[in-house]
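Participant: Dumping the structure here so I can ask a few things about it.
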Amino acid sequence: MQIVGHRTYHENAIPQTWVLAHQNGRLYHGIKEGTMSNSQADCTDFSLWRDPETCLPPPELDPANLYPKVLPRYNLFHPHKHKQGAILKPDRRYLWQALNTTFVAHTTAREIDACQMLDLQPHKSIYKYYGVETSSVLRFKYRNETINITMDQERVLNLVFEKYDCNLREAIERGYPVHIRDCLQSIAAGTEHMHSPKLVHGDVKPENILVKWSNSGHDAIALRYVIGDFDSTQLKGSVIGGKYGTPFWSRDKKPGVDIVEEDDDWFGFDQLRKWLVCFTTDSRQKSEDYRRIGKRIGGTDARESTITYSSV
Numbered sequence: 007m008q009i010v011g012h013r014t015y016h017e018n019a020i021p022q023t024w025v026l027a028h029q030n031g032r033l034y035h036g037i038k039e040g041t042m043s044n045s046q047a048d049c050t051d052f053s054l055w056r057d058p059e060t061c062l063p064p065p066e067l068d069p070a071n072l073y074p075k076v077l078p079r080y081n082l083f084h085p086h087k088h089k090q091g092a093i094l095k096p097d098r099r100y101l102w103q104a105l106n107t108t109f110v111a112h113t114t115a116r117e118i119d120a121c122q123m124l125d126l127q128p129h130k131s132i133y134k135y136y137g138v139e140t141s142s143v144l145r146f147k148y149r150n151e152t153i154n155i156t157m158d159q160e161r162v163l164n165l166v167f168e169k170y171d172c173n174l175r176e177a178i179e180r181g182y183p184v185h186i187r188d189c190l191q192s193i194a195a196g197t198e199h200m201h202s203p204k205l206v207h208g209d210v211k212p213e214n215i216l217v218k219w220s221n222s223g224h225d226a227i228a229l230r231y232v233i234g235d236f237d238s239t240q241l242k243g244s245v246i247g248g249k250y251g252t253p254f255w256s257r258d259k260k261p262g263v264d265i266v267e268e269d270d271d272w273f274g275f276d277q278l279r280k281w282l283v284c285f286t287t288d289s290r291q292k293s294e295d296y297r298r299i300g301k302r303i304g305g306t307d308a309r310e311s312t313i314t315y316s317s318v
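First residue of the sequence shown: 7, per my numbering; consecutive thereafter.
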């Protein structure tokens, strides 16, 4: 049994390594206390993990729990059309929540549906969606060899979007100049556009704001800010299902109980506004200076009557 992927979590006092392995064309998943290097992964046979105090023995993993089946309505990604500007969304449909449930595949399918709706009426402040990458075969690299695992049917492996340089948090950490007003106006416009077909983003935060720069230097100018990552996106008025939001950035809501509301996005937007004022070179400005951008919780429209987009 050979490990083809691993990830270490440090959320608890004792780190845990989650692994994905294959044997005879099948996938397996396991957990072990501690960390694991790439060299250790190359020589570890985790079928020997038997200590119930420190390990989860490796059960088989069904790829259908990770990758949704392809539906006729999905836009298929064509590399020859977008090869210069497209980037595959990092594949989070991996294994971490997919052992005995279709949660990951369901979340991906829901995200695709949201992207398909947004693609009918594109907006310059929303992450451009190019379609899905599909296959009936999973391919992994091990010691320069390709390992193929055949699935039961054609399934969605990745969503494909326009390429951006970094997210907003990365921009701040790198010391890039972020124009607060331009950024907030762009994200407010993108958020309102999503609300027009009754979609609520559900996870407005710096990591989900993408930025395109004029160059890679510290004198770079932001050419565009867009809102992206739609795996929390759900229909307004529906009962929250599955993944929705991030602690601190999102309202405290319970899946299966609470309702999806537009105010969920404006709460995140307000958190984003406060964060930007605190962590940019424009921090001399007060948070209140930008309150007229976007909407306040409760539906009160506090925007300026005219909004211009000098950065997009």
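C-beta: ideal position from N, C-alpha, C; glycine also.
I need the boundaries of the beta strand (DSSP E) containing S86, first residue and last residue.
Facilitator: The residue you call residue 86 lines up with position 80 of the sequence shown. In the sequence as displayed, the identity of residue 86 is His instead of Ser. No beta strand (DSSP E) contains H86, which is instead part of the alpha helix (DSSP H) from P85 to H88.
Participant: Which residues in the same chain have their Cβ closer than 6 Å to the Cβ of R98, if we skip the five residues on either side of it in sequence?
Facilitator: Locating residue 98 in the sequence shown gives position 92, where the first residue counts as 1. Because R98 sits at a pLDDT of 49, beneath the cut-off of 50, its placement in the model cannot be relied upon, and the following sentence gives the value as read from the coordinates. So the list is empty, once near-sequence residues are dropped.
Participant: Quick one: Cα of T41 to Cα of V10, how far?
Facilitator: Working through the sequence shown from its first residue, we reach residue 41 at position 35. Working through the sequence shown from its first residue, we reach residue 10 at position 4. Rounded to the nearest angstrom, the two C-alpha atoms are 16 Å apart.
Participant: From A228 to I155, what does the alpha carbon distance come to, in whole angstroms?
Facilitator: As a first step, residue 228 is located in the sequence shown; it is residue number 222 there, counting from the start. As a first step, residue 155 is located in the sequence shown; it is residue number 149 there, counting from the start. Each residue's alpha carbon lies about 42 Å from the other.
Participant: Compute the beta-carbon to beta-carbon distance between V319 and Y133, rounded to the nearest angstrom, for a pair I have assumed lies under 8 Å.
Facilitator: A question about residue 319 goes unanswered here, because the residues of the chain that appear run from 7 up to 318.
Participant: Between the beta-carbon of V206 and the beta-carbon of D258, is there less than 8 Å?
Facilitator: Position 200 of the sequence shown, counting from 1, holds the residue named residue 206. Position 252 of the sequence shown, counting from 1, holds the residue named residue 258. No, the pair does not count as a contact, with Cβ atoms beyond the cut-off.
Participant: By the 10 Å Cβ neighbour count, where 16 or more other Cβ atoms means buried, how is P212 classified, buried or exposed?
Facilitator: As a first step, residue 212 must be located in the sequence shown, where it is residue number 206. By the 10 Å Cβ count, P212 comes out buried.
Participant: With DSSP collapsed to three states, give me the class of Q191.
Facilitator: By one-based count along the sequence shown, residue 191 stands at place 185. Here Q191 sits in helix by DSSP.
Participant: Note down the Cα distance separating H16 from L72, rounded to an integer number of angstroms.
Facilitator: In the sequence shown, counting from the first residue as 1, residue 16 sits at position 10. In the sequence shown, counting from the first residue as 1, residue 72 sits at position 66. So the alpha carbons of these two residues sit roughly 23 Å apart.
Participant: Would you identify the three-state DSSP class for K259, choosing helix, strand or coil?
Facilitator: In the sequence shown, residue 259 corresponds to position 253, counting from 1. In this structure, K259 counts as coil in the three-state DSSP scheme.
Participant: Could you say which of V283, K169, F254 and W55 lies nearest to I178 if we only look at CA atoms?
Facilitator: The count along the sequence shown starts at 1 and reaches residue 178 at position 172. Among V283, K169, F254 and W55, the Cα nearest to that of I178 belongs to V283.
Participant: Name the residue from N18, V184 and D48 whose alpha carbon lies nearest to the alpha carbon of H28.
Facilitator: As a first step, residue 28 must be located in the sequence shown, where it is residue number 22. That would be D48, whose Cα lies nearest to the Cα of H28.
Participant: Would V166 and F236 be called neighbours here (beta carbons separated by less than 8 Å)?
Facilitator: Along the sequence shown, one-based indexing puts residue 166 at 160. Along the sequence shown, one-based indexing puts residue 236 at 230. Contact: no.
Participant: Do R230 and K242 have their CB atoms nearer than 8 Å?
Facilitator: Taking the first residue of the sequence shown as 1, we reach residue 230 at position 224. Taking the first residue of the sequence shown as 1, we reach residue 242 at position 236. It is not a contact, given that the beta carbons lie outside the stated cut-off.
Participant: Taking a contact to mean a Cβ-Cβ separation below 8 Å, would you say G196 touches S131 in this structure?
Facilitator: The residue you call residue 196 lines up with position 190 of the sequence shown. The residue you call residue 131 lines up with position 125 of the sequence shown. It is a contact, given that the beta carbons lie within the stated cut-off.
Participant: What does Q8 pair with, by DSSP beta-bridge criteria?
Facilitator: Position 2 of the sequence shown, counting from 1, holds the residue named residue 8. Answer by DSSP bridge pairing, in chain order: H28.
Participant: Below 7 Å CB to CB, which residues in the same chain sit around D288 once its five sequence neighbours on both sides are set aside?
Facilitator: Within the sequence shown, residue 288 is the residue found at index 282, counting from 1. Because D288 sits at a pLDDT of 49, beneath the cut-off of 50, its placement in the model cannot be relied upon, and the point is left open.
Participant: Just curious, the beta strand (DSSP E) that R180 is in, first and last residue?
Facilitator: Position 174 of the sequence shown, counted from the start, is the residue given in the question as residue 180. Element bounds for R180: n/a, residue is neither H nor E.
Participant: Ends of the beta strand (DSSP E) at A6?
Facilitator: Outside the displayed range of the chain (7 to 318) lies residue 6, so it cannot be described from this structure.
Participant: Determine which residues share a DSSP beta bridge with T156 and list them.
Facilitator: Taking the first residue of the sequence shown as position 1, residue 156 is located at position 150. Its beta-bridge partners are V143.
Participant: Name the DSSP bridge partner or partners of T23?
Facilitator: Along the sequence shown, read from residue 1 onward, the residue named residue 23 stands at position 17. Bridge partners of T23: T14 and K38.
Participant: Taking the alpha carbon of E267 as the point to measure from, which residue in F254, I193, F285 and K301 has its own alpha carbon closest?
Facilitator: Here residue 267 refers to the residue found at position 261 of the sequence shown. When each option's Cα is compared against that of E267, the closest is K301.
Participant: Please report the straight-line C-alpha distance between A70 and T108, rounded to a whole angstrom.
Facilitator: The residue given as residue 70 occupies position 64 in the sequence shown. The residue given as residue 108 occupies position 102 in the sequence shown. If I take the Cα positions, the gap works out to 7 Å.
Participant: With 16 as the cutoff for other CB atoms within 10 Å, does R279 come out buried or exposed?
Facilitator: Indexing the sequence shown from 1 puts residue 279 at position 273. Counting Cβ neighbours within 10 Å, R279 comes out buried, since at least 16 surround it.
Participant: Between which residues of its own chain and E66 is the CB-CB distance below 6 Å, once the five residues before and five after are set aside?
Facilitator: Against the sequence shown, residue 66 aligns to sequence position 60. If we look at E66 and ignore the five residues flanking it on each side, its Cβ neighbours are R32 and Y34.
Participant: If you draw a straight line from the alpha carbon of L26 to that of H88, how long is it in whole angstroms?
Facilitator: Within the sequence shown, the letter at position 20 stands for residue 26. Within the sequence shown, the letter at position 82 stands for residue 88. The alpha-carbon atoms of L26 and H88 are separated by roughly 31 Å.
Participant: Once the 5 residues before and after S220 are set aside, which same chain residues still bring their CB inside 7 Å of it?
Facilitator: Position 214 of the sequence shown holds residue 220. The answer, listed in chain order, is A226, I227 and L229.
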